[in-house]
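Accompanying notes for the structure given below.
Protein chains: 2
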Amino acid sequence: MTHCPSLCVCVPKECCGQCDGISLGEAVREQHGKDESVHRCCPPDVVVFPRCVEEVSALAKVCHQHHLPIIPFGTGTGLEGGVCAVKGGVCFSLRNMDQVLDLHQEDFDVTVEPGVTRKALNAYLRDTGLWFPVDPGADASLCGMAATNASGTNAVRYGTMRENVINLEVVLANGTIMHTAGKGRRPRKTSAGYNLTNLFVGSEGHLGIITKATLRLYGIPEAMVSAVCSFPSVQDAVDSTVQILQAGVAIARIEFLDDVMIDACNRFSCLSYPVSPTLFLEFHGSEQSLKEQVNTTEDITKSNRGSDFQWAQDAETRNQLWKARHDAWYAALALRPGCKAYATDVCVPLSRLPDIIVETKKDLIENRLTGPIAGHVGDGNFHCLIVVDPKDPEELHRVHLFTERLGRGIIYKLCIFKKNQWRLDQ
Amino acid sequence: MTHCPSLCVCVPKECCGQCDGISLGEAVREQHGKDESVHRCCPPDVVVFPRCVEEVSALAKVCHQHHLPIIPFGTGTGLEGGVCAVKGGVCFSLRNMDQVLDLHQEDFDVTVEPGVTRKALNAYLRDTGLWFPVDPGADASLCGMAATNASGTNAVRYGTMRENVINLEVVLANGTIMHTAGKGRRPRKTSAGYNLTNLFVGSEGHLGIITKATLRLYGIPEAMVSAVCSFPSVQDAVDSTVQILQAGVAIARIEFLDDVMIDACNRFSCLSYPVSPTLFLEFHGSEQSLKEQVNTTEDITKSNRGSDFQWAQDAETRNQLWKARHDAWYAALALRPGCKAYATDVCVPLSRLPDIIVETKKDLIENRLTGPIAGHVGDGNFHCLIVVDPKDPEELHRVHLFTERLGRGIIYKLCIFKKNQWRLDQ
Ligand SMILES: Cc1cc2nc3c(=O)[nH]c(=O)nc-3n(C[C@H](O)[C@H](O)[C@H](O)COP(=O)(O)OP(=O)(O)OC[C@H]3O[C@@H](n4cnc5c(N)ncnc54)[C@H](O)[C@@H]3O)c2cc1C
Ligand SMILES: Cc1cc2nc3c(=O)[nH]c(=O)nc-3n(C[C@H](O)[C@H](O)[C@H](O)COP(=O)(O)OP(=O)(O)OC[C@H]3O[C@@H](n4cnc5c(N)ncnc54)[C@H](O)[C@@H]3O)c2cc1C
Numbered sequence: 001m002t003h004c005p006s007l008c009v010c011v012p013k014e015c016c017g018q019c020d021g022i023s024l025g026e027a028v029r030e031q032h033g034k035d036e037s038v039h040r041c042c043p044p045d046v047v048v049f050p051r052c053v054e055e056v057s058a059l060a061k062v063c064h065q066h067h068l069p070i071i072p073f074g075t076g077t078g079l080e081g082g083v084c085a086v087k088g089g090v091c092f093s094l095r096n097m098d099q100v101l102d103l104h105q106e107d108f109d110v111t112v113e114p115g116v117t118r119k120a121l122n123a124y125l126r127d128t129g130l131w132f133p134v135d136p137g138a139d140a141s142l143c144g145m146a147a148t149n150a151s152g153t154n155a156v157r158y159g160t161m162r163e164n165v166i167n168l169e170v171v172l173a174n175g176t177i178m179h180t181a182g183k184g185r186r187p188r189k190t191s192a193g194y195n196l197t198n199l200f201v202g203s204e205g206h207l208g209i210i211t212k213a214t215l216r217l218y219g220i221p222e223a224m225v226s227a228v229c230s231f232p233s234v235q236d237a238v239d240s241t242v243q244i245l246q247a248g249v250a251i252a253r254i255e256f257l258d259d260v261m262i263d264a265c266n267r268f269s270c271l272s273y274p275v276s277p278t279l280f281l282e283f284h285g286s287e288q289s290l291k292e293q294v295n296t297t298e299d300i301t302k303s304n305r306g307s308d309f310q311w312a313q314d315a316e317t318r319n320q321l322w323k324a325r326h327d328a329w330y331a332a333l334a335l336r337p338g339c340k341a342y343a344t345d346v347c348v349p350l351s352r353l354p355d356i357i358v359e360t361k362k363d364l365i366e367n368r369l370t371g372p373i374a375g376h377v378g379d380g381n382f383h384c385l386i387v388v389d390p391k392d393p394e395e396l397h398r399v400h401l402f403t404e405r406l407g408r409g410i411i412y413k414l415c416i417f418k419k420n421q422w423r424l425d426q
Numbered sequence: 001m002t003h004c005p006s007l008c009v010c011v012p013k014e015c016c017g018q019c020d021g022i023s024l025g026e027a028v029r030e031q032h033g034k035d036e037s038v039h040r041c042c043p044p045d046v047v048v049f050p051r052c053v054e055e056v057s058a059l060a061k062v063c064h065q066h067h068l069p070i071i072p073f074g075t076g077t078g079l080e081g082g083v084c085a086v087k088g089g090v091c092f093s094l095r096n097m098d099q100v101l102d103l104h105q106e107d108f109d110v111t112v113e114p115g116v117t118r119k120a121l122n123a124y125l126r127d128t129g130l131w132f133p134v135d136p137g138a139d140a141s142l143c144g145m146a147a148t149n150a151s152g153t154n155a156v157r158y159g160t161m162r163e164n165v166i167n168l169e170v171v172l173a174n175g176t177i178m179h180t181a182g183k184g185r186r187p188r189k190t191s192a193g194y195n196l197t198n199l200f201v202g203s204e205g206h207l208g209i210i211t212k213a214t215l216r217l218y219g220i221p222e223a224m225v226s227a228v229c230s231f232p233s234v235q236d237a238v239d240s241t242v243q244i245l246q247a248g249v250a251i252a253r254i255e256f257l258d259d260v261m262i263d264a265c266n267r268f269s270c271l272s273y274p275v276s277p278t279l280f281l282e283f284h285g286s287e288q289s290l291k292e293q294v295n296t297t298e299d300i301t302k303s304n305r306g307s308d309f310q311w312a313q314d315a316e317t318r319n320q321l322w323k324a325r326h327d328a329w330y331a332a333l334a335l336r337p338g339c340k341a342y343a344t345d346v347c348v349p350l351s352r353l354p355d356i357i358v359e360t361k362k363d364l365i366e367n368r369l370t371g372p373i374a375g376h377v378g379d380g381n382f383h384c385l386i387v388v389d390p391k392d393p394e395e396l397h398r399v400h401l402f403t404e405r406l407g408r409g410i411i412y413k414l415c416i417f418k419k420n421q422w423r424l425d426q
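Here the protein sequences come in this chain order: X and A.
So the first sequence is residues 1 to 426, counted in my numbering.
So the second sequence is residues 1 to 426, counted in my numbering.
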């Protein structure tokens, strides 16, 4: 390990800014002051690029001594403005720490540095027969995903980050280095001490900087198949979801797109699905168990007036399908060029989902808002992606009132908000 | 709600001791000063029996004002002496709060008070087609199980308490009532705020008194079948386990018993299994998927020199089999009447399990200790139940040295201890 001396000794404000370990440049600061969300860019005073945990620790100590805010930065794909330096301070960009460490194939676990993204890890694992399934769509850093407790399309089968992080190395605000489950440990099950790992998962960088994550891996399933099914109404699509889960089908993905969303995806990804409420489904397992899962599912969708399944069996067609789903955010944005998207993120008990989606759609129409809906409905979780003109204060106000209603209003008692979606600060 | 006035107003030491809400009686205090472990009885100064969260809160406030230790008591089935009042204080026995509240069948969740045990909940659920699978053997209170992050025989499929607690109502030391996931909330997935639920799960009563737990439920599987398989060596049995899991079989239970343990179970439960390393297995699923799981498993056990499976298909035979497994603790105790059992609780990465169990057995034999081994090997977790004469200081010393070696010695780097198993204070 070579040390960049400027990193460890200088107070950021006094730094020369010439080395590649630290940057005061306008462009670099701008780039690190925002993520993919609608939130206004708040650039940090300085961006540092540590290359090892010791550097992170030394820098944190300096910040601590000088009362400077610390903002960890993964890949900036967040949708909540978590990287915005609202009070200035020092952004820790972790992209230079990008090594995959300690792969234990036989124990199905791996340790990664914070610059490793989801896709980079899966590329690294390519020949091992293993994969890391949590997939929020964006090619986020795995430690950023841990920091935000990311979930995504196949959480219904494999869980969110919470269920898949085994240990974390963390640098606390004062520079202390700690390991949430003990140094070098990778227990599948533990009751020794408090569950600190899960305190840090989802803490959005508030409690410390994650400098290593030990993750669970899974065997790549023997067979996978995806399907698309259209429904005459939202209620039919969501009722099917509830019944599929209640029937105990171990479905790997079940994603809902409303008519507005599927229309946007058709346009953006050159597809031609019927413009009506739609489910994207995926099944994983042995050939035999796949047949069983698919049969049960088809019985249920048909009984809810679903169309015949459109299949995607080979890897390429499947990837195309899921790329379209994962591009939904950009497809929504493309509906109104020049506008920005404001994502809501609501999770409700499954049984309430049909009513709440139907009600939300009614509210959007009544209030003349463009708000395609896409959802990881298997977990009762849906996003309404409101596309809004940031220069139109009246429209912004209508969006604000809508989110208020969605969260606190009519459906308050039923809703569980996933992330801090209250700010609409632009 | 009626209040027992003595509960809320009097300082325990000044209480009359006559009401049924509070007890200073010797026998009651003794009974609450110990659990099922080897640890010495440390009776509290007083035992209170609150009947609602408001009483728990009022009592906690009194204790807080008078600097009295608080010890929550579930059913006293713990194996770590967690209920021992090492510094005296007030034991909160929660048995009078025994209602099942808010069953949501369609959302697969239920809320229970701290006096509800695992068996009581499953009896309550009998006609719903749902069940709560976490099963540590003992008929513990569900909130006590949350407090200790209990696992058990089917954690390999359904997870431990950690994966199955959705929300907790907790009374903090100063009497504050809080809800870890928000009052009345029951999210399947949430990233809103810190994960406080999992901070309390496994905190062994240190952080507060759990007065309500919202739990995940599961549909009762269409079919279940159990089997017993004997092996010529420990290595063969454990290798089979590793391979079964690596093959992706969604096995519901896979329990290892060494020759000493199976011999003890045979005697205690009037069985006649071959006295050699043994696996108890259980499969859950549809008829079709069961066949597939069983075939793959049999191929693997046969290739590791396993015997033919002995089947238990009907509920009664299955219950008998698992009762024998769950009685292993008492079977071990019965090996040496008058002795006590000291349980160790080790969890290691799966790939290290065969070596470590083989090494542990060698150590036990060399040091003339009776230590049958039983393990939830699917998670790399095994217990060595050392049966020791509490009146023989030399033997106690040998046990102490053994646990030291098990934990800190030869295999230190590989082991993850589950609970605080270091004390041998008798
Ligand atoms: C198109 C699109 C779709 C998405 N869909 C989903 C979805 O379905 N479900 C879902 O859950 N998410 C979704 N997301 C959001 C996704 O979860 C986040 O983008 C990702 O988890 C954040 O990772 P990152 O590395 O980009 O973190 P950043 O955006 O860089 O940071 C996010 C937050 O985490 C903190 N942070 C980052 N790295 C660290 C670290 N090493 N240590 C401590 N704190 C750190 C930051 O300070 C910030 O507060 C989506 C995003 C996009 C762009
Ligand atoms: C034969 C046998 C086999 C076992 N096998 C296993 C096993 O395989 N895996 C496993 O994990 N465990 C096992 N156990 C232990 C089991 O997990 C515990 O017995 C159980 O979880 C504790 O529940 P309880 O209600 O009896 O708690 P108690 O024994 O009463 O208390 C245990 C601890 O939790 C605290 N506590 C209890 N209730 C509350 C509450 N409401 N709020 C806050 N704190 C509370 C107590 O203060 C104490 O520290 C076994 C026990 C026995 C007797």
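Note that beta-carbon positions come from the ideal geometry of N, C-alpha and C, so glycine has one too.
Secondary structure of residue i, DSSP reduced to three states
i, result
"Ser230 of chain A", "strand"
"Leu427 of chain A", "The structure shown does not extend to residue 427 of chain A, since chain A spans only 1 to 426, so no value can be given for it."
"Thr370 of chain A", "strand"
"Cys384 of chain A", "strand"
"Ala343 of chain X", "strand"
"Asp389 of chain A", "coil"
"Pro72 of chain A", "strand"
Contacts around residue i, its chain only, beta-carbon distance under 6 Å, and the 5 residues preceding and following it disregarded
i, result
"Leu444 of chain X", "Within the shown structure, residues of chain X are numbered from 1 to 426, placing residue 444 of chain X beyond reach of any answer."
"Leu103 of chain X", "Val110"
"Ser23 of chain X", "Val47"
"Thr128 of chain X", "Gln105"
With 16 other Cβ atoms within 10 Å as the buried cut-off, status of residue i
i, result
"Phe417 of chain A", "Per-residue confidence for Phe417 of chain A stands at a pLDDT of 46, beneath the threshold of 50, marking its modelled position as unreliable; the derived number appears in the next sentence. By the neighbour-count rule (16 or more Cβ atoms within 10 Å), Phe417 of chain A is buried."
"Gly338 of chain A", "exposed"
"Gly380 of chain A", "buried"
"Glu169 of chain X", "buried"
"Gly33 of chain A", "buried"
"Gly144 of chain X", "buried"
"Thr344 of chain A", "buried"
"Asp392 of chain X", "exposed"
"His383 of chain A", "buried"
"Gly21 of chain A", "buried"
"Ser141 of chain X", "buried"
Proximal residues of chain A, C-beta to C-beta of residue i below 8 Å
i, result
"Arg336 of chain X", "Under the 8 Å cutoff, chain A gives no residues; its nearest Cβ is about 28 Å from Arg336 of chain X."
"Val137 of chain X", "The amino acid occupying residue 137 of chain X in the given sequence is Gly; Val does not appear at that position. Those within 8 Å of Gly137 of chain X in chain A number zero; the least Cβ separation is about 15 Å."
"Asn164 of chain X", "Per Cβ cutoff of 8 Å: no residues; Asn164 of chain X is ~11 Å from chain A at best."
Residues that residue i contacts on chain X, provided the C-beta gap is smaller than 7 Å
i, result
"Leu199 of chain A", "Tyr194, Asn195, Leu199"
"Glu292 of chain A", "Ser286, Gln288, Ser289"
Within chain A, the residues that residue i reaches when beta carbons sit closer than 7 Å
i, result
"Gly380 of chain X", "Arg188"
Chain-ordered neighbours of residue i on chain X, where CB pairs are closer than 9 Å
i, result
"Gly202 of chain A", "Thr190, Ser191, Ala192, Gly193, Tyr194, Asn195"
"Ser226 of chain A", "Neighbours of Ser226 of chain A on chain X: none; closest Cβ ~20 Å, over 9 Å."
"Gly219 of chain A", "Gln246, Ala247, Gly248"
Neighbouring residues, chain A, relative to residue i (Cβ below 9 Å)
i, result
"Glu106 of chain X", "Val242, Gln246, Pro349, Leu350, Ser351"
Same chain, Cβ closer than 8 Å to residue i, neighbours up to 5 away in sequence not counted
i, result
"Gln293 of chain A", "Val249, Ala250, Ile251, Phe283, Gly285"
"Ser272 of chain A", "Asn266"
Is it the case that the region 53-69 of chain A contacts the region 165-176 of chain A, given that we only count it when at least three CB pairs across the two stretches are under 8 Å? yes
Could you say if the region 119-126 of chain X and the region 230-239 of chain X meet the contact criterion of at least three C-beta pairs nearer than 8 Å? no
Given 8 Å, three or more beta-carbon pairs between the region 255-264 of chain X and the region 207-222 of chain X: no
Answer yes if the region 201-209 of chain A comes into contact with the region 219-231 of chain A, meaning at least three C-beta pairs across the two stretches below 8 Å, and no otherwise. no
I'd like to know if the region 350-357 of chain X and the region 235-245 of chain X are in contact, where contact means that at least 3 CB-CB pairs between them fall below 8 Å. yes
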